[in-house]
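Peer 1: With the numbering used here applied, the sequence shown covers 751 to 1310.
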Amino acid sequence: MPTSDGEYEHYEALVVGCGPGGAAAAARLADHGIETLVLERGTAAGSKNVSGGLIYAEDSAPYTIDDLFPNFREAAAERPVTEYEIHNIAGNKVKTFDLTDLHEHDTDWCDAVLRRHMDSWLEGRVHELTSETGGGVLTDVRVNGLLRENGEIVGVTCDELDPITADLIVAADGVNSELARDAGLMDWEEPDEWFQGVKAVVEMDPDVINDRFDLEPDEGVAHLFSGDLFEDVRGGGFLYTNEDTLSIGTVFHLDSLVAEQAEPHQLLDALLTHPLLSQWLGDDYRELEYGAKLVPDSKKVAHREPYRDRLVLVGDAAGQMQAQGPIIKGMNHAVTAGALAADAYMLTRGNADPESPGRRYTTMLEQSGTMGKLRPRRYELSSTVGEHGLVTRVSEGVLNSPVGSVAVGNPIAKRLLAKAYNSPFLVGMLPDTETGYTTLPTIIGEQHGRTVHWENEVEPPSLEERIGDLTYDTDVGNPHIRLQDNSYEASGAAVYACPVSAEDFGGGCYRSETVKTNGSEETLVSLDTQPCVECGTCAIVADTEWEHPRGGKGVEFRQG
């Protein structure tokens, strides 16, 4: 509330979001003795978050999460990843490559995590640290925009609180950051700049995990999947072992998902029911939670100057998600960015120019090598050729010809492919085309794979059952999405691209209906926001006005 002299409540630093990036920023600010308030829109940190998810500690990074939060691995992580494999699939034929060299490149350690448990633990530590400097963490608060004075950003506005001003504002509010959009730093215009991830968390006893995956209690495995089991959609699947669950999911380029009119839940089911997974899933499949999120493609959207006035962006809000073939790293970069943003503010503290922390932060991202990982120069060079339509068509034609099959199928190619998969340099320049994600893995599977004869007995839940198992606190009378154009031409892609909708399912967010008016037929789209998992897909593929629900409202993830 405004103080007695009419001014708004003020903190030296304000952090929006208590995921890894926000937690890192808040912890580092507190280390510097800076009064810091953290605002989190979920009922608890992690209740709005879904990740694959693996968190890395890179040898080259200036900060890792265990630098900032001692005992993190013991208290907040699931299992360390000690094995890393990719499976190239062609029907029932599978060729597996060991990706240990790629996985261990620049890696101190890597752990599987579940966001609800991890983020809630971080929230507790952050609250302890920031309380010592006069701040703390407030949950159930949605920050809905930026407060400006004379055109300059000076604070934030909230649904539940009066505006709050600050000398530094850290937007760590995720991939659907309303602050980044309000500042004009990010947008939702191009589907080819985003991935969509869909995930199931599957219950499994720790002893069963150890037995089926041939692991010791302090070991874990990451499996990746590519090839023809995903209906020509560019992307792939993953399976990570947690302490007493599995994280199994898919990640696809959003533009490809729309172009192929594929339904996300069916693509996930294609992975779950493939014969290869029967050895791990057995006949006792029990799905605990279904979730989804957007993932920024850092190669295209990681902001080179992620600041404006007193505002700095970290993590997904700044597009800092590295997804380059089998390299999938995001949370570690958010941690680095959050800590660097805090250090940048400390180094420029007292400077009269409100943008001095942002400029220093940008420089530190470059000098630390973080931006080079997020936007590798070699990808920018290769994509100008590799993603050209003619080049892609020629590559596809050669690979699908007898010559291409022979070339990929010979023993020398097999050895070279194993080396290529483990080359950070080559992976970092992989073009975003069907060739690398679908065609080549399929041919590898056909030419080098072994036939899997196991019978998969998994029966995934229906979409209706998955929605029914989620936890919601519906904000009755306050829909957070509004359909601006209900024509199928403008918004029909949401009917199949939304992870809780489908063409033949009437209980999701989006559905289509053909109506007759004045002797003509028209297909219209309708919207029900109650089942929404707040991934943001429809903000890109449909004509909507999209925002987050009010604090504590909407979906609440118990696993993440």
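All residues carry an ideal CB built from backbone N, CA and C; glycine is no exception.
Would you tell me roughly how many angstroms separate the C-alpha atoms of K1169 and Q1070, rounded to the nearest one?
Peer 2: Taking the sequence shown and counting its residues from 1, one reaches residue 1169 at position 419. Taking the sequence shown and counting its residues from 1, one reaches residue 1070 at position 320. If I take the Cα positions, the gap works out to 27 Å.
Peer 1: Based on DSSP bridge pairs, tell me the residues matched to G985.
Peer 2: The sequence position of residue 985 within the sequence shown is 235, counting from 1. DSSP, once it has assigned bridges, lists F1002 as partnering G985.
Peer 1: Taking the straight line between their C-alpha atoms, what separation do you get for H1015 and A775?
Peer 2: Here residue 1015 corresponds to residue number 265 of the sequence shown, with the count starting at 1. Here residue 775 corresponds to residue number 25 of the sequence shown, with the count starting at 1. Each residue's Cα considered, the two are about 35 Å apart.
Peer 1: In whole angstroms, what separates the C-alpha of L1176 from that of A1012?
Peer 2: Locating residue 1176 in the sequence shown gives position 426, counting from the first residue. Locating residue 1012 in the sequence shown gives position 262, counting from the first residue. Going from the Cα of L1176 to the Cα of A1012 covers about 29 Å.
Peer 1: Which whole-angstrom value describes the C-beta separation of L1004 and T1183, a residue pair presumed to lie in contact below a C-beta threshold of 8 Å?
Peer 2: If you number the sequence shown from 1, residue 1004 lands on position 254. If you number the sequence shown from 1, residue 1183 lands on position 433. Going by Cβ atoms, the distance from L1004 to T1183 rounds to 15 Å, so no, they are not a contact pair.
Peer 1: What's the gap between the Cα of G1178 and the Cα of Y758?
Peer 2: Here residue 1178 refers to the residue found at position 428 of the sequence shown. Here residue 758 refers to the residue found at position 8 of the sequence shown. Their backbone Cα atoms lie some 47 Å apart in a straight line.
Peer 1: So the alpha helix (DSSP H) C1288 belongs to, where does it begin and stop?
Peer 2: Within the sequence shown, the letter at position 538 stands for residue 1288. Residues 1287–1291.
Peer 1: State yes or no: is the C-beta of F1307 within less than 8 Å of the C-beta of S797?
Peer 2: For the purposes of this step, residue 1307 is taken as the residue at position 557 of the sequence shown. For the purposes of this step, residue 797 is taken as the residue at position 47 of the sequence shown. Yes.
Peer 1: Given a threshold of 16 other Cβ atoms within 10 Å of its Cβ, counted over all protein chains shown, does Q1029 qualify as buried or as exposed?
Peer 2: For the purposes of this step, residue 1029 is taken as residue 279 along the sequence shown, with counting starting at 1. Under this definition Q1029 is an exposed residue.
Peer 1: Kindly identify the DSSP beta-bridge partner or partners of E940.
Peer 2: Locating residue 940 in the sequence shown gives position 190, counting from the first residue. Answer by DSSP bridge pairing: none, since E940 is not bridged.
Peer 1: Using a Cβ-Cβ cut-off of 7 Å (strictly less than) and excluding sequence neighbours within five positions of R1232, which residues of its own chain qualify?
Peer 2: Here residue 1232 refers to the residue found at position 482 of the sequence shown. Hits under 7 Å: T1294, E1295.
Peer 1: Would Y813 and A1052 qualify as a contact pair, given that the criterion is a beta-carbon distance under 8 Å?
Peer 2: As a working note, residue 813 is residue 63 in the sequence shown. As a working note, residue 1052 is residue 302 in the sequence shown. Going by C-beta atoms, Y813 is not nearer than 8 Å to A1052.
Peer 1: Between the stretch 945–952 and the stretch 1034–1047, do three or more beta carbon pairs fall short of 8 Å?
Peer 2: They touch, by the three-pair rule.
Peer 1: Where does A1020 land, buried or exposed, given buried means 16+ other C-beta within 10 angstroms?
Peer 2: As a first step, residue 1020 is located in the sequence shown; it is residue number 270 there, counting from the start. By the neighbour-count rule (16 or more Cβ atoms within 10 Å), A1020 is buried.
Peer 1: Is it right to say P1249 is buried, meaning 16 or more other beta carbons lie within 10 angstroms of its own, or is it exposed?
Peer 2: In the sequence shown, residue 1249 corresponds to position 499, counting from 1. Buried, by the Cβ-count rule.
Peer 1: Please classify N821 as buried or exposed, where buried requires at least 16 other C-beta atoms within 10 Å of its C-beta.
Peer 2: For the purposes of this step, residue 821 is identified with residue 71 of the sequence shown, where counting begins at 1. Answer is exposed; the Cβ neighbour count stays below 16.
Peer 1: Are L1007 and V983 closer than 8 Å when you measure CB to CB?
Peer 2: For the purposes of this step, residue 1007 is taken as the residue at position 257 of the sequence shown. For the purposes of this step, residue 983 is taken as the residue at position 233 of the sequence shown. Yes, these two residues count as a Cβ contact at 8 Å.
Peer 1: Taking 7 Å as the cut-off, does the CB of H1203 come closer than this to any heavy atom belonging to the ligand NAD?
Peer 2: The ligand NAD is not among the ligands present in this structure, which contains no ligands whatsoever.
Peer 1: Give me the DSSP bridge partner(s) of I805.
Peer 2: Position 55 of the sequence shown, counting from 1, holds the residue named residue 805. D861.
Peer 1: Taking the C-alpha atoms as reference points, what is the distance between P1229 and N842?
Peer 2: Here residue 1229 corresponds to residue number 479 of the sequence shown, with the count starting at 1. Here residue 842 corresponds to residue number 92 of the sequence shown, with the count starting at 1. P1229 and N842: Cα-Cα distance of roughly 45 Å.
Peer 1: Could you give the first and the last residue of the continuous beta strand (DSSP E) run that contains L935?
Peer 2: Sequence index remark: in the sequence shown, residue 935 carries index 185 (1-based). Premise fails: L935 is in no beta strand (DSSP E) and is neither H nor E.
Peer 1: Could you tell me which of E902, N926, E1209, D923 sits nearest to D1103, measuring between CA atoms?
Peer 2: Within the sequence shown, residue 1103 is the residue found at index 353, counting from 1. Among E902, N926, E1209, D923, the Cα nearest to that of D1103 belongs to E902.
Peer 1: For I805 and R1200, I'd like the C-alpha separation in whole angstroms.
Peer 2: Here residue 805 corresponds to residue number 55 of the sequence shown, with the count starting at 1. Here residue 1200 corresponds to residue number 450 of the sequence shown, with the count starting at 1. Rounded to the nearest angstrom, the two C-alpha atoms are 32 Å apart.
Peer 1: Looking only at its own chain, which residues have a Cβ that is under 8 Å from the Cβ of T907, when we skip the five neighbours before and after it?
Peer 2: Sequence index remark: in the sequence shown, residue 907 carries index 157 (1-based). Cβ within range, chain order: V893, N894, G895, L896, L897, P913.
Peer 1: Restricting to runs no shorter than 3 residues, where is the beta strand (DSSP E) found entirely within the stretch 1005–1031?
Peer 2: Taking only runs of at least 3 residues, no beta strand (DSSP E) segment lies wholly in the stretch 1005–1031.
Peer 1: Rounded to the nearest angstrom, how far is the Cβ of R791 from that of G1301, given a contact under 8 Å?
Peer 2: Taking the first residue of the sequence shown as 1, we reach residue 791 at position 41. Taking the first residue of the sequence shown as 1, we reach residue 1301 at position 551. Correct: roughly 5 Å between the Cβ atoms.
Peer 1: Taking the beta strand (DSSP E) that L1061 falls in, what are its first and last residues?
Peer 2: The count along the sequence shown starts at 1 and reaches residue 1061 at position 311. Looking at the DSSP string, the run of the beta strand (DSSP E) that includes L1061 is 1061–1063.
Peer 1: Mind checking who G1301 pairs with in its DSSP beta bridge?
Peer 2: Walking along the sequence shown from the start, residue 1301 turns up at place 551. In DSSP, G1301 forms no bridge with anything.
Peer 1: Going by DSSP in three states, T883 sits in which element: helix, strand or coil?
Peer 2: Looking up residue 883 in the sequence shown gives position 133. Three-state result, T883: coil.
Peer 1: Going by the CB atoms, is the gap between T880 and V891 shorter than 8 Å?
Peer 2: Locating residue 891 in the sequence shown gives position 141, counting from the first residue. Locating residue 880 in the sequence shown gives position 130, counting from the first residue. No.
Peer 1: Go ahead and pull the three-state DSSP assignment for Q946.
Peer 2: Along the sequence shown, read from residue 1 onward, the residue named residue 946 stands at position 196. Reduced to three states, the DSSP call for Q946 is strand.
Peer 1: Our contact map puts T889 next to A780 with C-beta atoms below 8 Å; I'd like the distance itself, whole angstroms only.
Peer 2: Working through the sequence shown from its first residue, we reach residue 889 at position 139. Working through the sequence shown from its first residue, we reach residue 780 at position 30. Not quite, the Cβ-Cβ distance comes to about 18 Å (not below 8 Å), so this is no contact.
Peer 1: My output table needs one value for F847: the three-state DSSP class, helix, strand or coil.
Peer 2: As a first step, residue 847 is located in the sequence shown; it is residue number 97 there, counting from the start. The answer is strand: DSSP assigns F847 an E or B state.
Peer 1: By the 10 Å Cβ neighbour count, where 16 or more other Cβ atoms means buried, how is R1054 classified, buried or exposed?
Peer 2: One-based indexing of the sequence shown puts residue 1054 at position 304. Answer is exposed; the Cβ neighbour count stays below 16.
Peer 1: Helix, strand or coil for S870 per DSSP?
Peer 2: For the purposes of this step, residue 870 is identified with residue 120 of the sequence shown, where counting begins at 1. It is helical.
Peer 1: Specify whether the stretch 916–929 and the stretch 987–1002 touch according to this definition: at least 3 beta carbon pairs, one from each stretch, less than 8 Å apart.
Peer 2: No, the stretch 916–929 does not touch the stretch 987–1002.
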